Amino acid sequence: MDALADALELTGAGRADFLSGSGRVEERSVAAPTDLVPRQLPPRLMSFVGRTEEVGVLDDVVARVATDRHSDAGTVVVTMSGLPGIGKTALAVEWGHRAASRFPDGQLYLNLRGFDAKNEPLSSGEALRELLTSLGVAESKICRGLGARIGQYRTLVSAMRILVILDNVVDPDQVRPLLPVGAGSAALVLSRHRLPGLVAQVGAVPVSLGVLRPAEACQLISSRLSSSARARDVQMEELQPLVDMCSGLPLALALIASRAQLDPGAISEYAARSVDDQTGLAVLSLGDRSTSFESILVRSIDSLSKEARDCFILIGLGASSEFSIAEVASLRGHGRIEARSLIDELMDASLVQAAGGGRMTLHDLLWEFVVREAQREVPEDVANLCRKRLLDYLIHNAVAATATFAPHRTRPDLSQPAVGVVLEEFRTPQEGRAWMESTLDTALAAVGHGVGWGLLAEVAWLAEGVSAYLDIQGRWTDLLTTEEAALRAGEMLDDAQIQALACRRMAIAQARVGEVASAEDSARRAIRLYSRFGDISGEAHAHRLLGGLLEESCAHESALEHRREALSRFEILGDEAATAMALNAVGWSHALLGEFDVALDYCLRSTDTATRLGHSRSIAAAWDSVGFIARSIGDRARAENAYDHALASWRASGERYYLARTYESVAGLRAETGDQRGAIDALETALDLYDELGSPEIDRIQGLLAELADSTAREDEAGRVCGTGVSGRRDIGSIPAVPQTLAPKASIKGSRPGDR
Numbered sequence: 001m002d003a004l005a006d007a008l009e010l011t012g013a014g015r016a017d018f019l020s021g022s023g024r025v026e027e028r029s030v031a032a033p034t035d036l037v038p039r040q041l042p043p044r045l046m047s048f049v050g051r052t053e054e055v056g057v058l059d060d061v062v063a064r065v066a067t068d069r070h071s072d073a074g075t076v077v078v079t080m081s082g083l084p085g086i087g088k089t090a091l092a093v094e095w096g097h098r099a100a101s102r103f104p105d106g107q108l109y110l111n112l113r114g115f116d117a118k119n120e121p122l123s124s125g126e127a128l129r130e131l132l133t134s135l136g137v138a139e140s141k142i143c144r145g146l147g148a149r150i151g152q153y154r155t156l157v158s159a160m161r162i163l164v165i166l167d168n169v170v171d172p173d174q175v176r177p178l179l180p181v182g183a184g185s186a187a188l189v190l191s192r193h194r195l196p197g198l199v200a201q202v203g204a205v206p207v208s209l210g211v212l213r214p215a216e217a218c219q220l221i222s223s224r225l226s227s228s229a230r231a232r233d234v235q236m237e238e239l240q241p242l243v244d245m246c247s248g249l250p251l252a253l254a255l256i257a258s259r260a261q262l263d264p265g266a267i268s269e270y271a272a273r274s275v276d277d278q279t280g281l282a283v284l285s286l287g288d289r290s291t292s293f294e295s296i297l298v299r300s301i302d303s304l305s306k307e308a309r310d311c312f313i314l315i316g317l318g319a320s321s322e323f324s325i326a327e328v329a330s331l332r333g334h335g336r337i338e339a340r341s342l343i344d345e346l347m348d349a350s351l352v353q354a355a356g357g358g359r360m361t362l363h364d365l366l367w368e369f370v371v372r373e374a375q376r377e378v379p380e381d382v383a384n385l386c387r388k389r390l391l392d393y394l395i396h397n398a399v400a401a402t403a404t405f406a407p408h409r410t411r412p413d414l415s416q417p418a419v420g421v422v423l424e425e426f427r428t429p430q431e432g433r434a435w436m437e438s439t440l441d442t443a444l445a446a447v448g449h450g451v452g453w454g455l456l457a458e459v460a461w462l463a464e465g466v467s468a469y470l471d472i473q474g475r476w477t478d479l480l481t482t483e484e485a486a487l488r489a490g491e492m493l494d495d496a497q498i499q500a501l502a503c504r505r506m507a508i509a510q511a512r513v514g515e516v517a518s519a520e521d522s523a524r525r526a527i528r529l530y531s532r533f534g535d536i537s538g539e540a541h542a543h544r545l546l547g548g549l550l551e552e553s554c555a556h557e558s559a560l561e562h563r564r565e566a567l568s569r570f571e572i573l574g575d576e577a578a579t580a581m582a583l584n585a586v587g588w589s590h591a592l593l594g595e596f597d598v599a600l601d602y603c604l605r606s607t608d609t610a611t612r613l614g615h616s617r618s619i620a621a622a623w624d625s626v627g628f629i630a631r632s633i634g635d636r637a638r639a640e641n642a643y644d645h646a647l648a649s650w651r652a653s654g655e656r657y658y659l660a661r662t663y664e665s666v667a668g669l670r671a672e673t674g675d676q677r678g679a680i681d682a683l684e685t686a687l688d689l690y691d692e693l694g695s696p697e698i699d700r701i702q703g704l705l706a707e708l709a710d711s712t713a714r715e716d717e718a719g720r721v722c723g724t725g726v727s728g729r730r731d732i733g734s735i736p737a738v739p740q741t742l743a744p745k746a747s748i749k750g751s752r753p754g755d756r
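For what it's worth, UniProt numbering labels the leading residue of the sequence shown as 1, then goes sequentially.
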């Protein structure tokens, strides 16, 4: 026993107690009575569903448990973590029952009360007392000191093959003395915290639970209702809004099913209430605080440090349930390192989950909770400052990111960001695009909320910050929505500059979604506004925009007039980047009027200027125009070379929509030369790009492919360029309606209004 006491590092009174007559294990009833095998697992749920992957992990783990009591293999430990109500206990109990035969000496279950609203967490000493009692040790024979009690427990279970489920563990120190020792045993340690200490120190296998899949969520509800005679007539369709509200959280789904079982007639009312985003927590209350999702959540939050709790609540001031460390740091006004530490604590408590790409997310119900708590707890002036910093973060970094992949675009003259805002560093276009893609949904949400927050100027500049990326990606509905918000903000501020810029960007989106008349109105309004406060550059861009829109309406003479107005203003300003685009636009208008020699001169001047500046989008648009002109005069070799240049530059710029349009032109060129297979390949590439963008062009391209496959003779397309009688046009064989051959979109020809 002295050797055992040494191994346990017992000293002082604890060692004396362990070695005394009252503490010597051999003098106590250490072994459980042979006729008593503890079977303490709670009952299995009748409605257990899903968790196939997690059960597989546990099965693999139990396969490692030794079947020989005298094996040298150690105890297998699994940590199971997840947010409150995720179903940790249900899974552990279900699996414990399934695997019971592997543990013939018993299965123990102990709630350590780590998140109990009324009671303190169970101490290791008290937990050991309960475990020893469960194993048949009489109360009078349980050692008094903690060290002695640990030794007594380990000695007793060392020759056993048992399963121990330790639920609601608060930290590794609480549970470490409770782990069984020796071969043949396993411990499942359940906690809202991830307990990395156990993973590092005892080699525990970590299992993190996520939400149920939609089909599994419906299965859980259905199985619960089918077991209730009162609720069997409730249709799943009635419950779907409630199921959606729960976002796969098992506890929430169980509470909804209980509602339906207790009062089937009121289920429609509950479903209607769930449509309101702020009623989820109320619907999930049955009047029993011990099972209310909100009360369970509060207990998790109360276990946090004050700093982490405050950070969690401040997240509710944001625009989205998804966020990055930098966004949280900016929201709080402190650095990344501190924000990272606090987010780690929230992740350890399973309140925040990783969403990929360096971003984090909250479950929908947790998001509802923190939004409400932020409204309750955070003073209005503090909330305004936090939100101002968040929008400053999004604005300044969106503008900086855009500069990497759209360097030709004029950067807005922004004021300095608020103190505490994190500024990212973008070294390549790829880094700029990656940040924009990962942050875009949050930025769009911030635009939507910003007007209500009273941050009107910030809304306008954030809309401008994301507009280039939205246009490049073909997300024109989002672009239209953001610019409508920016225009509304400009009108509320009575700021003509903001209104003019919003009108310009809005016109792009309106044209892209087919609202050409509205787009023309927006462009003309922008021209008037720019002229009113003397912004020559803005006025020039608006003229160029209107020229492109008039071309859509086949008003080519008027389009050329506005493009010349734009070119003259850009030349006066000495804006070479804008001049390059305007040269191409003027050249394109001449091409549509059949004036190919003049058109080629303008477009080649554009390619020279754009190439010298290194602006890939302008280079691509100009070469695309040269390709069209060369086709029109029968110089197919030159056309092929020009389109190759255009395709390479569109790829470099990331402009998938315009890349697809040029592939259509390539298809037409190949059809002219009898390369039907090559034409089909080019159209299929264009179709894939349109499909990625969700573009309405898909049906048109599918129709062209069908016609091409039929190899039907097509009419001469020379007279179908908006009825303008373009001369020099060549027959294109089996493709009657390749857009750039027939009526190329002005936006491809350097008249894109978004290029600032």
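Ideal Cβ placement from N, Cα and C applies to all residues, glycine included.
Just so we're clear, the structure is a prediction, and the values are computed from it rather than from any experiment.
Each of Cys-143, Ala-519, Ala-383 and Val-205 was checked against the Cα of Asp-60, and the nearest Cα belongs to Val-205.
The Cβ atoms of Asn-111 and Asp-167 sit closer than 8 Å to each other. With contacts defined as CB atoms closer than 8 Å, Leu-573 and Ser-537 qualify as a contacting pair. With the rule of 3 Cβ pairs closer than 8 Å, the stretch 151 to 164 does not count as touching the stretch 78 to 94.
By the neighbour-count definition (other C-beta atoms within 10 Å, threshold 16), Asp-471 is a buried residue.
DSSP places Asp-167 in the strand class (E or B) of the three-state scheme. For Ser-553, DSSP records no beta bridge to any residue. In the structure shown, Val-181 adopts coil according to DSSP, grouped into three states.
Under the 10 Å beta carbon count, Gly-465 is surrounded by 16 or more other beta carbons and is classified as buried. One Cα belongs to Ala-682, the other to Ala-257, and the distance between them is close to 54 Å.
Taking the CA atoms as reference points, Leu-600 sits about 10 Å from Trp-623. Around the C-beta of Ala-517, fewer than 16 other C-beta atoms lie within 10 Å, and the residue is accordingly described as exposed. Under DSSP, Pro-206 takes part in a beta bridge, and its partners are Thr-79. With 16 or more neighbouring CB atoms inside 10 Å of its own CB, Thr-607 falls in the buried class. Annotated as proximal: Leu-545 and Ala-507, with beta-carbon spacing under 8 Å. The alpha carbon of Val-421 has as its nearest neighbour, out of Gly-50, Lys-388, Arg-372 and Ala-509, the alpha carbon of Lys-388. Taking 3 residues as the shortest admissible run, the stretch 288 to 329 contains the following complete beta strand (DSSP E) segments, listed from N- to C-terminal end: 322 to 324. Excluding the 5 residues flanking it on each side, Ser-330 has same chain C-beta neighbours closer than 6 Å at Arg-389, Leu-390, Tyr-393, Val-421 and Val-422, in chain order. By the criterion of at least three beta-carbon pairs nearer than 8 Å, the stretch 190 to 203 is not in contact with the stretch 211 to 221. Here Ala-577 is near Ser-618, since their CB atoms are less than 8 Å apart. Under a 10 Å Cβ-count criterion, Gly-357 is classified as exposed, with fewer than 16 other Cβ atoms of the shown protein chains found around its own Cβ. Per the Cβ contact rule, the stretch 335 to 351 is in contact with the stretch 359 to 374 (3 or more Cβ pairs under 8 Å). At the C-beta level, Ala-186 and Thr-75 come within 8 Å of one another. For the 8 Å CB-CB criterion, Glu-552 and Ala-511 form a contact. The beta carbon of Arg-154 is closer than 7 Å to those of Val-181 in its chain, skipping five residues each way along the sequence. For Gln-353, the enclosing beta strand (DSSP E) covers residues 353 to 356. The C-alpha of Val-157 is placed about 12 Å away from the C-alpha of Gln-107.
CA-CA distance, Pro-412 to Lys-306, rounds to 40 Å. Exclusion of the five residues before and after Ser-320 leaves Thr-442 and Ala-445 as the residues of its chain whose Cβ lies within less than 6 Å of its Cβ. Comparing alpha-carbon positions, the option among Asp-575, Asp-597, Asn-641 and Phe-628 lying closest to Leu-613 turns out to be Asp-575. In this chain, Leu-110 is not harboured by any alpha helix (DSSP H); it is covered by the beta strand (DSSP E) spanning 107 to 111. The three-state reading of DSSP puts Met-46 in coil, since its state is none of H, G, I, E or B.
Sixteen is the threshold: since fewer than 16 other Cβ atoms of the shown chains lie within 10 Å of the Cβ of Pro-696, the residue is exposed.
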